[in-house]
Amino acid sequence: MKTETVNPDQTQANSQQLTVLPDQKISFGKSALLGLQHVLAMDVYVVPFLIAMLIGLQSNQSSALIQSTFIAAGLATIVQSYFCMKLPIAQGPSYVPLGAIVSIYAASGGGQLGWNSVLGASLVGAVLVIILGMTSVFNKIVKSFIPPIVGGTIIFIVGLSLLPVGIRDNIYEAADATINQNVMLALISGAVLLIFVVLGSLLGTKGSLFRIMSVMFALIGGCIAANFMGVLNFSAVSNAKWFSMPQIPFADFGFSFNFSAIITMVIIYLVLLAETTGTWFAVSNVIDKPLTDKNINRGVIGEGISCLIASLVGSTPVTGYSTNAGIISITGIASRRVFLAVGGWFVIFGCSGKLAALISSIPTAVIGGVFCIVCGIIAINGIQVMKNERIGEKEMYIVAIPMIITLALVLIPKDYLYSLPTFVQYLLGSPILAASIAAILLNKFLPGAKKVQS
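In structure tokens, the structure reads:
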């Protein structure tokens, strides 16, 4: 990775942005509360819910998958943030493999055999990712192909690609309420977030609590508004059990190894690594800690171990969540102890049907109002990475064309996408992957400005 010339003013601004650095220790209670805030802002339950719906799981199977997903996210977060990459990163289930999971499940005959094929392919793919990190191959790719202009563009398109999805799926098309109620809930939660961030800034050290807890206050405020509107439904919470056993390998499920399924999942894992790289850049920029070779190698290994754990507990591949980078920017708290708490909360939720039901009862539009602001902050972080770079004609194309590709693929008609060959579907189904590849290729092959000799 190229070494950037750091502007002293920029360094000072970034250091002032954080009130707690990654390796700083904070109290157990504060870590638990801040960790819960991150958990509440992550829609971890959505992916298993969608999978259950797409492959037609029964209600008890759906509940088991959601529990497994929470446990996988918790253990993966602890592995990545505390033992491997050692950066404040939260792991959660990825949306990228949805199409592949459905196709592998159906091609393997469905039922338990189909799910075993999904888990077997995930297991083998995860091992290959670990090998990729241990041999430093991925790190060499990053050093050669992702200079600051490309890294900044990737961060920018991460935020850009998530924003339309957040607005459309989490607000306009959310099934919790009418569109008018959804828009109002999103505006209320977003406004509460901004109010507490502004209060925290105006009051300085006296108002640090307002800034730190701004996301949680926003979610609480949104839920209160949803209750007044009559769209807050806690029936699932009252019906759920406090403790229920998660899935056990080889008792509740097994592993089947199908060559075509494994090849499909390996392609998916390459997509995941391309996407999670954007998250790593976003987090490193927010905490003002450039990614080192060791970070990247450990990150790839951690990604592989995380996905290995996910398959062993009966869940789907996990990846780093960009949302948390935005929350770190808002709260100013980057302590890894908070992310240890995030992992702990996820494991607790995975063992408690009642707590898992509670978090999934937050109206989608309430989360959407916070999520959209977070997406905007992520995109701005990408611009900050690029701002010290000379933006010539080549650099304009490196930023502009991936931006166009991102929006084009976010808005692509699904019927047209599904009519394309499977491999093309994987490529175009991930706007971040396609746009990242475009940025890398443009940087490599577009001619730069000729230096004028004096």
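Sequential numbering from -10 applies to the sequence shown in the numbering used here.
Think of the CB as a built atom: it goes at the ideal place given N, C-alpha and C, for glycine as much as any other residue.
Same chain, Cβ closer than 8 Å to Val172, five either side skipped, listed in chain order: Here residue 172 refers to the residue found at position 183 when the sequence shown is read from its first residue. Taken in chain order, the residues that qualify are Ile160, Tyr161 and Ala354.
Range covered by the alpha helix (DSSP H) that runs through Thr265: The count along the sequence shown starts at 1 and reaches residue 265 at position 276. Where Thr265 is concerned, the enclosing alpha helix (DSSP H) stretches over Phe248 to Val275.
Ser318 beta carbon less than 9 Å from that of Ile356: Within the sequence shown, numbered from 1, the residue matching residue 356 stands at position 367. Within the sequence shown, numbered from 1, the residue matching residue 318 stands at position 329. The answer is no: Cβ separation not under 9 Å.
Of the listed residues Ala299, Phe17 and Ser341, nearest to Ala62 (C-alpha basis): Stepping through the sequence shown from its first residue, residue 62 is reached at position 73. Answer by Cα proximity: Ala299.
Backbone secondary structure at Thr312 - three-state DSSP: Looking up residue 312 in the sequence shown gives position 323. Per DSSP, reduced to three states, the secondary structure at Thr312 is helical.
Three-state class that DSSP yields for Val68 in the structure shown: Reading the sequence shown from its first residue, position 79 is the one you call residue 68. Val68: helix per DSSP, three-state reduction.
DSSP three-state assignment for Gly81, whether helix, strand or coil: Here residue 81 refers to the residue found at position 92 when the sequence shown is read from its first residue. Reduced to three states, the DSSP call for Gly81 is strand.
Secondary structure of Pro136, DSSP reduced to three states: For the purposes of this step, residue 136 is taken as residue 147 along the sequence shown, with counting starting at 1. Coil.
Local Cβ density within 10 Å of Thr395, reported as buried at 16 or more and exposed below that: Here residue 395 refers to the residue found at position 406 of the sequence shown. By the 10 Å Cβ count, Thr395 comes out buried.
Between the CA atoms of Pro37 and Leu76 - distance to the nearest angstrom: Start at 1 with the first residue of the sequence shown, and residue 76 comes out as number 87. Start at 1 with the first residue of the sequence shown, and residue 37 comes out as number 48. Computed Cα separation, rounded: 26 Å.
Cβ-Cβ distance between Ser233 and Ser341 below 9 Å: Within the sequence shown, residue 233 is the residue found at index 244, counting from 1. Within the sequence shown, residue 341 is the residue found at index 352, counting from 1. For Ser233 and Ser341, yes; Cβs fall inside 9 Å.
For Ile322, the residue or residues it bridges with in DSSP: If you number the sequence shown from 1, residue 322 lands on position 333. Val9, per the DSSP bridge assignment.
Any 3 or more C-beta pairs closer than 8 Å across the segment 109 to 126 and the segment 242 to 257: yes
Contact check, Leu176 vs Ala166, beta carbons under 9 Å: Along the sequence shown, one-based indexing puts residue 176 at 187. Along the sequence shown, one-based indexing puts residue 166 at 177. No, these two residues do not count as a Cβ contact at 9 Å.
Pro352 versus Leu422: straight-line alpha-carbon distance, rounded: Numbered from 1 along the sequence shown, position 363 holds the residue referred to as residue 352. Numbered from 1 along the sequence shown, position 433 holds the residue referred to as residue 422. Spanning the two alpha carbons is a distance of roughly 30 Å.
Sub-9 Å separation of Thr449 and Thr308 beta-carbons: Lying outside -10 to 443, the shown extent of the chain, residue 449 is not represented and no answer is given.
Alpha-carbon to alpha-carbon, Leu43 and Leu409: Position 420 of the sequence shown holds residue 409. Position 54 of the sequence shown holds residue 43. Leu409 and Leu43: Cα-Cα distance of roughly 20 Å.
Ser443, DSSP secondary structure in three states: Looking up residue 443 in the sequence shown gives position 454. Reliability of the predicted coordinates at Ser443 is poor, the pLDDT of 47 falling under 50, and no value is obtained from them.
Own chain partners of Gly148 with C-beta closer than 6 Å, once the 5 adjacent residues on each side are dropped: The residue given as residue 148 occupies position 159 in the sequence shown. Closer than 6 Å at Cβ, skipping near neighbours: Cys364, Ile367 and Ala368.
C-beta atoms of Val399 and Ala428 nearer than 9 Å: Here residue 399 is taken as the residue at index 410 of the sequence shown, counted from 1. Here residue 428 is taken as the residue at index 439 of the sequence shown, counted from 1. Result no, Cβ atoms of Val399 and Ala428 do not sit closer than 9 Å.
Reduced DSSP secondary structure (H/G/I, E/B, other) of Pro420: As a position in the sequence shown, residue 420 is number 431, starting the count at 1. Pro420 falls in the helix class under three-state DSSP.
Local conformation of Phe59 per DSSP, three classes: The residue given as residue 59 occupies position 70 in the sequence shown. In the structure shown, Phe59 sits in a helix (DSSP, three-state: H, G or I).
Proximity of Gly333 and Ile156 at Cβ, strictly below 9 Å: As a position in the sequence shown, residue 333 is number 344, starting the count at 1. As a position in the sequence shown, residue 156 is number 167, starting the count at 1. Cβ atoms of Gly333 and Ile156: not closer than 9 Å.
Val413 classed as buried or exposed, judged by whether at least 16 other C-beta atoms fall within 10 angstroms: For the purposes of this step, residue 413 is taken as residue 424 along the sequence shown, with counting starting at 1. By the 10 Å Cβ count, Val413 comes out exposed.
Anticipated Cβ contact below 8 Å, Val289 with Phe127, distance rounded: Along the sequence shown, read from residue 1 onward, the residue named residue 289 stands at position 300. Along the sequence shown, read from residue 1 onward, the residue named residue 127 stands at position 138. Between Phe127 and Val289 the Cβ distance is about 5 Å, and since that is below 8 Å, they are a contact.
Val204 vs Leu182 beta-carbon contact at 9 Å: Here residue 204 is taken as the residue at index 215 of the sequence shown, counted from 1. Here residue 182 is taken as the residue at index 193 of the sequence shown, counted from 1. Cβ atoms of Val204 and Leu182: closer than 9 Å.
Euclidean distance between Cα positions of Leu431 and Gln56: By 1-based counting over the sequence shown, the position of residue 431 is 442. By 1-based counting over the sequence shown, the position of residue 56 is 67. Those two C-alpha atoms are separated by around 43 Å.
Of the residues Phe239, Asp277, Asn274 and Gly291, the one placed nearest Leu261, counting alpha carbons only: Here residue 261 refers to the residue found at position 272 when the sequence shown is read from its first residue. Comparing Cα positions, the closest option is Gly291.
Reduced DSSP secondary structure (H/G/I, E/B, other) of Ile429: Taking the first residue of the sequence shown as 1, we reach residue 429 at position 440. In this structure, Ile429 counts as helix in the three-state DSSP scheme.
Range of the contiguous alpha helix (DSSP H) that encloses Arg287: In the sequence shown, counting from the first residue as 1, residue 287 sits at position 298. Taken as a continuous stretch (DSSP letters only), the alpha helix (DSSP H) holding Arg287 covers Asp282 to Leu301.
Phe185 - DSSP class collapsed to helix/strand/coil: Locating residue 185 in the sequence shown gives position 196, counting from the first residue. Looking at Phe185 - three-state DSSP - the assignment turns out to be helix.
Start-to-end residues for the alpha helix (DSSP H) that takes in Met385: The residue given as residue 385 occupies position 396 in the sequence shown. Run containing Met385: Glu382 to Val399, per the alpha helix (DSSP H) assignment.
Nearest-angstrom beta carbon gap, Thr253 and Ile93 [assumed within contact, 8 Å]: For the purposes of this step, residue 93 is identified with residue 104 of the sequence shown, where counting begins at 1. For the purposes of this step, residue 253 is identified with residue 264 of the sequence shown, where counting begins at 1. At roughly 6 Å, the Cβ-Cβ gap stays under 8 Å, so Ile93 and Thr253 are in contact.
Where Pro235 falls: helix, strand or coil (DSSP): Here residue 235 is taken as the residue at index 246 of the sequence shown, counted from 1. Three-state DSSP puts Pro235 in coil, outside helix and strand.
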